[in-house]
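J.: So that we are looking at the same thing, I have put the structure below in structure tokens.
Residue numbers (UniProt numbering): 1 to 677.
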């Protein structure tokens, strides 16, 4: 007899008619925190005490429209469905190894799950999913909304292969202004804190958009952009003041009142009220001219001109409205969903996503699943409106879930007029243009992989290519990088850096040996995916080192390829070594295979250098303090904050060091002695 768990806090709801059930294969997405305490509780219970319903008895009934399940796994669908509740809830489909294949939600579990086990009407991908099912776990919830929220939590945690997943999604960045400083700075923030520590503007579609806004506001209103610790210890204006990018509040060159006025003008611009700021500054310019203060009038004139140039760049500006506009473009071989962000009537930019379509969903089902994951699977700020290029399945359910998470009304709409229709047109254009560019790039990359197959004489096209590189400065802060490419381009979520320790400074061979050993030991332990080709930057010596690592670990079936720069170190003149140092691979400088190798090698080099510089800079900032007994991370932060940096700490006297919170006179003497010998 199949068993089913019903949580005592989750009660069945009245069954709805089958016509309202979502189509087979509709999915949602992963990637964030649960939206409510109820969903968090449901998530915990789902993982700890989910209802398991399974059977291993196979029967046959040719006259039945209902499939019996999977012959390969022994799952009996008929027996399973007899004991499934018709209440709302979520379900997880598992394979014979116990891995989750798919997570879904349903208003009526029995009706929804029955749709998978039919003899007709299933597409090829859904049939493939059903053929792998060895077990199904269900959890009953109190409502369909709660099931939707729990579904997103589980998809985020489990990342099932048959759900569509957003790759490498990050939280939106914001512009932040502290409310606890007399002269606040405009700052970049990736996460919006719930505590009331200041004002946030955004979210922006990318870090580039934030930095453009910060640069523009600083240029027009001359607001500071330095850290508070630096600001507190300035004794004379910095370079920003000299180039008219700051009014030097650190040395009292501007009053608090005037600085606040400039900051409020910047805030108005960030809120989409640049027209009002332009009017105020124009009037102030005329008043200054009437008072014969021509230098002040000229400064205000320049501000007005810069503001008007900024306004001309805005495509849509209604003065009101906070909305996200989502449009889907689909062609054979790919799809793109563009999210255009509008805040206070001002378009902030667009982000583009290319989720997979694991179950051949319709365009409407895809967009519905994306909206679910994007907002319910992420801890992001909700707009007032979500406008979509297609009518969504369960639009009312989604609107209710979004409103519940936002704790206010969030409107989901498809058919709109006026400036909202303009926004939809703009988002659709963005999606189609990005998809066209993406498909062209993907085709070029695919051709390069085909060319590499032919150049290496392989039977199959390689699917995954990894490249290792080493970076250091005369042996300092040695870092190894590993970048990964497939036919869609770089897989940045699989990139890795290795901090190299315990080798002779400048010994690239030992560094490469350590990095490869760590990488492929983890592979043998089941961590990570196996590459088809391993590319090492460094030529004969590094290729020999990689071969030795493979032999010691018993790694086979991975092609080794070494790249040695020519004597002139120019692109196109590289020497390629394959498998052994005695076999060279001669490719024409125009060969697509060579272009692929160069692209991957250059990306590995860039990633290694970035990691090396970060490690080196961090060591140079903190190494002088890290070795001092009694000076831990907290006291180091206090010292650096109090004196505005390491140089200030080094220049401080013993009495000055003792004024830092947490630093006693004896510790101050110890610090001073350590820094000055």
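Cβ atoms here follow ideal geometry from the backbone N, Cα and C, with glycine treated the same way.
All values reported here derive from a predicted model rather than from experimental measurement.
DSSP puts residue 198 in a beta bridge; with which residues?
T.: Note: residue 198 sits in a beta bridge opposite 178.
J.: Thinking C-alpha only, which one of 672, 324, 625 and 562 is nearest residue 586?
T.: That would be 562, whose Cα lies nearest to the Cα of residue 586.
J.: Can you tell me whether residue 485 is helix, strand or coil according to DSSP?
T.: Looking at residue 485 - three-state DSSP - the assignment turns out to be strand.
J.: From the DSSP secondary-structure annotation, give me the bridge partner or partners of residue 584.
T.: Bridge partners of residue 584: 577.
J.: Between 75, 117 and 82, which lies nearest to residue 134 when the distance is taken from Cα to Cα?
T.: The candidate whose alpha carbon is nearest that of residue 134 is 75.
J.: Using a Cβ distance threshold of 8 Å, determine whether the stretch 87–96 contacts the stretch 118–128, with at least three qualifying pairs required.
T.: Judged by Cβ distances under 8 Å, the stretch 87–96 makes no contact with the stretch 118–128, as fewer than three pairs qualify.
J.: By a C-beta neighbour count over all protein chains shown, 10 Å radius and 16 as the cutoff for buried, is residue 139 buried or exposed?
T.: It counts as buried.
J.: Alpha carbon to alpha carbon, what distance is there between residue 618 and residue 555?
T.: Cα to Cα, residue 555 sits roughly 36 Å from residue 618.
J.: Can you grab the Cα-Cα spacing for the pair residue 328 / residue 435, in whole Å?
T.: Residue 328 and residue 435: Cα-Cα distance of roughly 10 Å.
J.: With 16 other CB atoms within 10 Å as the buried threshold, where does residue 504 fall?
T.: That one is exposed.
J.: Please state whether the Cβ-Cβ distance between residue 559 and residue 533 is less than 9 Å.
T.: Result yes, Cβ atoms of residue 559 and residue 533 sit closer than 9 Å.
J.: Spell out a yes or no on whether the stretch 628–636 and the stretch 597–610 are touching, meaning 3 or more CB-CB pairs, one atom from each, closer than 8 Å.
T.: Cβ pair count under 8 Å is below three, so no.
J.: Starting from the C-beta of residue 502, find all residues in its chain whose C-beta is less than 8 Å away, skip the five residues before and the five after it, and write them out in chain order.
T.: So the list reads 514, once near-sequence residues are dropped.
J.: Using the three-state DSSP reduction, which class does residue 512 fall into: helix, strand or coil?
T.: Helix, per DSSP.
J.: Can you tell me the Cβ-Cβ gap for residue 337 and residue 370, rounded? I've got them flagged as a contact below 8 Å.
T.: Contact flag correct, Cβ pair sits at about 5 Å.
J.: Which residue from 663, 616 and 629 puts its Cα closest to that of residue 639?
T.: If we check each option's Cα against that of residue 639, 663 comes out closest.
J.: Does the Cβ of residue 154 have 16 or more other Cβ atoms within 10 Å, making it buried, or fewer, making it exposed?
T.: Buried, because 16 or more other Cβ atoms sit within 10 Å of the Cβ of residue 154.
J.: Using a Cβ distance threshold of 8 Å, determine whether the stretch 403–412 contacts the stretch 375–388, with at least three qualifying pairs required.
T.: Yes, since at least three Cβ pairs between the stretch 403–412 and the stretch 375–388 fall closer than 8 Å, the two stretches touch.
J.: Could you pull the start and end residues of the alpha helix (DSSP H) that residue 268 belongs to?
T.: Segment 256–270, the alpha helix (DSSP H) holding residue 268.
J.: Between residue 553 and residue 520, what straight-line distance do the alpha-carbon atoms span, to the nearest angstrom?
T.: Between residue 553 and residue 520, the C-alpha separation is close to 8 Å.
J.: Which runs of the beta strand (DSSP E) spanning at least 3 residues fall entirely within the stretch 611–635, listed in chain order?
T.: If we require 3 residues or more, the stretch 611–635 turns out to have no beta strand (DSSP E) run fully inside it.
J.: From the DSSP output, in three-state form, read off residue 106 for me.
T.: Three-state result, residue 106: strand.
J.: When you compare the stretch 289–302 with the stretch 261–276, are there three or more beta-carbon pairs, one atom per stretch, that lie closer than 8 Å?
T.: The stretch 289–302 is not in contact with the stretch 261–276.
J.: Quick one, which of 96, 517, 97 and 137 has its alpha-carbon nearest residue 113's?
T.: Ranking 96, 517, 97 and 137 by Cα distance to residue 113 puts 137 first.
J.: Roughly how many angstroms separate the alpha carbons of residue 659 and residue 549, rounded to a whole number?
T.: Whole-angstrom Cα-Cα distance: 54 Å.
J.: Where do the N-terminal and C-terminal ends of the beta strand (DSSP E) with residue 499 fall, by residue?
T.: First-last of the beta strand (DSSP E) with residue 499: 496–499.
J.: Going straight from the alpha carbon of residue 95 to that of residue 447, what length do you get?
T.: Using only the alpha carbons, I get a separation of about 35 Å.
J.: On a CA-only basis, which of 401, 220, 274 and 188 is nearest residue 681? Give me that one, please.
T.: Absent from the model: residue 681. The displayed extent of the chain is 1 to 677, so no value can be given.
J.: In terms of alpha-carbon separation, which member of 339, 396, 404 and 322 lies closest to residue 419?
T.: Taking only the C-alpha atoms, the option nearest residue 419 is 322.
J.: Taking the Cβ atom as the reference point for each residue, do residue 117 and residue 149 lie within a distance shorter than 9 Å?
T.: Taking 9 Å as the Cβ cut-off, residue 117 and residue 149 do not qualify as a contacting pair.
J.: Using a Cβ-Cβ cut-off of 7 Å (strictly less than) and excluding sequence neighbours within five positions of residue 438, which residues of its own chain qualify?
T.: Cβ within range, chain order: 334, 336 and 354.
J.: In chain order, which continuous runs of the alpha helix (DSSP H) of length 4 or greater are located wholly inside the stretch 363–449?
T.: Counting only runs of 4 or more, we get 363–371 and 395–406.
J.: Within a Cβ cutoff of 7 Å, which residues of the same chain sit near residue 668, ignoring the five residues on either side of it in sequence?
T.: Taken in chain order, the residues that qualify are 654, 657 and 658.
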